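Asker: Just passing along the structure, written as C-alpha cells.
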C-alpha cells in the first residue's frame, strides 16, 4: 500500500495515490540539481589552462576536458527527471480529481441504495418490489 | 633573481576551481539521496524514479570525486613548481 494513498471510504481504495504538491516539489528539486550541474559546468569550462605548458599541464587539460560532457549528461538527466515529475504531477492532479468525483458518485449511489432499502423495509408484507430499484 | 618566480596563477586558479566544483557537487549528491520518490504514488513509477535518482546521485558523486582528485593533482604540480622555484632561487643566490 502506498504511503501517499488517500482515504476514499466508499471506493475502499485510492485509484490515484500520491501527492501532487510534493511531486511538484520533487520536480523543483530536480530542477535545482540540474541548475547546480550547469553552474559547475560553467565554472569548469571558464577555467583557462592554455597558458600552462608541459606534460603536467597537458594532463590537467586532458582531464579537465572530460568534465564538461559528464556534467552536461548529469544536468540533462536531472532535467529529464524534472520534466517527468512535473508532467506526472499534472496528470496525477487530474486522476485524483477524477477519483474524487467517482468517490462522490459512489457515496451518493450508496446513500440512494440505503434509502431504497429503508423504504422496502417499511412496505407492508407481500408488497411487490422492483428489484432493479435496489 | 627575484623575478625568477614560476608560481603560476593559472595553476592556483585550477586548484581553486576544481576544489570549488567538487565542493558544490557534494550537497547535490546528498540532496538526491534524500528525495522521496514515493510521493508520485504509482509504484512502478516511484521505483524507476528512485533508481534514476540513485544512479544520478552516484554519477554526481563520481564526477565530484574526480574533481577533488584533479584539485589534488593540481596542488601537487603547484607544489613541485614551487619547490623547483625555491631550488633555483637558492642556486642563483649562491652563484651571486
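Chains as they are written, first to last, in my numbering: chain L, 5 to 138; chain X, 95 to 190.
Positions of the beta carbon are idealized from the N, C-alpha and C atoms, including for glycine.
Nothing here was measured: the structure is a model prediction, and the numbers come from that model.
1. Helix, strand or coil: how does DSSP classify residue 10 of chain L here?
2. Could you check what DSSP says for residue 105 of chain X in three-state terms: helix, strand or coil?
3. Using only alpha-carbon positions, find the residue among L/6, L/51, L/9 that is nearest to residue 115 of chain X.
4. Below 9 Å between beta carbons: does that hold for residue 41 of chain L and residue 78 of chain L?
5. Looking at chain L, which residues of the stretch 178-189 of chain X have a Cβ within less than 9 Å of any of its Cβ atoms?
6. Quick check: is the beta carbon of residue 162 of chain X nearer than 9 Å to any beta carbon in chain L?
7. Round the Cβ separation of residue 125 of chain X and residue 33 of chain L to the nearest angstrom and send it over; I've been treating them as touching at under 8 Å.
8. Along chain B, which residues have their Cβ under 7 Å away from the Cβ of residue 21 of chain L?
9. Residue 24 of chain L to residue 35 of chain L, Cα distance in whole Å?
10. Rounded to whole angstroms, what is the Cα-Cα separation between residue 85 of chain L and residue 31 of chain L?
11. Taking only three categories from DSSP, how would you classify residue 54 of chain L?
12. Going by alpha carbons, who is nearest to residue 92 of chain L out of X/158, X/137, X/108, X/177?
13. Which residue's Cα is closest to the Cα of residue 161 of chain X: L/48, L/63, L/17?
14. Which class does residue 1 of chain L belong to by DSSP, given the choice of helix, strand or coil?
15. Can you confirm whether residue 111 of chain L, when its beta carbon is compared against all beta carbons of chain X, has any partner nearer than 9 Å?
16. How should residue 111 of chain X be labelled, buried or exposed, when 16 other C-beta atoms within 10 angstroms of its C-beta is the threshold for buried?
17. Beta carbons nearer than 8 Å to chain L: which residues of the stretch 107-118 of chain X have them?
18. Taking Cβ positions only, does residue 173 of chain X come closer than 9 Å to chain L?
19. Roughly how many angstroms lie between the CA atoms of residue 21 of chain L and residue 144 of chain X, to the nearest whole one?
Answerer: Once the coordinates are examined:
1. It is coil, neither helix nor strand.
2. Residue 105 of chain X: helix per DSSP, three-state reduction.
3. When only C-alpha atoms are compared, the closest one is L/51.
4. Yes, they are a contact pair.
5. Cβ contacts with chain L: none found.
6. Any Cβ of chain L closer than 9 Å to the Cβ of residue 162 of chain X would place that residue at the interface, and such an atom is absent.
7. About 7 Å separates the beta carbon of residue 125 of chain X from that of residue 33 of chain L, a gap short enough to meet the 8 Å contact definition.
8. In the displayed structure, chain B is absent; the protein chains listed are L and X.
9. Rounded to the nearest whole angstrom, the C-alpha separation of residue 24 of chain L and residue 35 of chain L is 16 Å.
10. Between the C-alpha atoms of residue 85 of chain L and residue 31 of chain L there is a straight-line separation of about 7 Å.
11. Secondary structure at residue 54 of chain L: coil, using DSSP grouped into helix, strand and coil.
12. The shortest Cα separation from residue 92 of chain L among X/158, X/137, X/108, X/177 belongs to X/137.
13. Minimum Cα distance to residue 161 of chain X is reached at L/48.
14. Absent from the structure is residue 1 of chain L, since the part of chain L shown begins at 5 and ends at 138.
15. So, not an interface residue.
16. That one is buried.
17. Per Cβ criterion, the list reads 107, 108, 111, 112, 114, 115, 118.
18. It does not; no Cβ of chain L falls within 9 Å.
19. Their Cα atoms are separated by approximately 17 Å.
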